[in-house]
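What follows is one structure encoded as structure tokens, with my remarks underneath.
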Amino acid sequence: MSDETSEKRSSSTGWVTGMVVALILYILAPGPFGLLMKKELIRHDSTVGKAILFCFWPLGKLSEKAKPVESFYDAYFKALGIDFG
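Our numbering numbers the first residue of the sequence shown as 102 and each following residue consecutively.
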């Protein structure tokens, strides 16, 4: 009985850890993609550029509505040397 419980706990811990890591990567991903767009390795008007902008649209809306999120991204982009002007 305890082996079954520990397996379930281990499985759920793995899922939670995986989701937290995925969320952190999603939150930090606009930085590297912003650098690639700044260097024009990815163009805004290309299919890839449009897909990336579509994927990060929720973060943009959240940044517009929540001042702490906007402050975080301003500092994050400034640290990476990105100025969207």
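Built from N, CA and C at the ideal position, the CB exists for glycine as well.
I153 sits buried, since 16 or more C-beta atoms from the chains shown fall within 10 Å of its C-beta. If you draw a straight line from the Cα of G132 to the Cα of W116, it is about 26 Å long. If you draw a 10 Å sphere on the C-beta of M120, you find fewer than 16 other C-beta atoms in it, and that means exposed.
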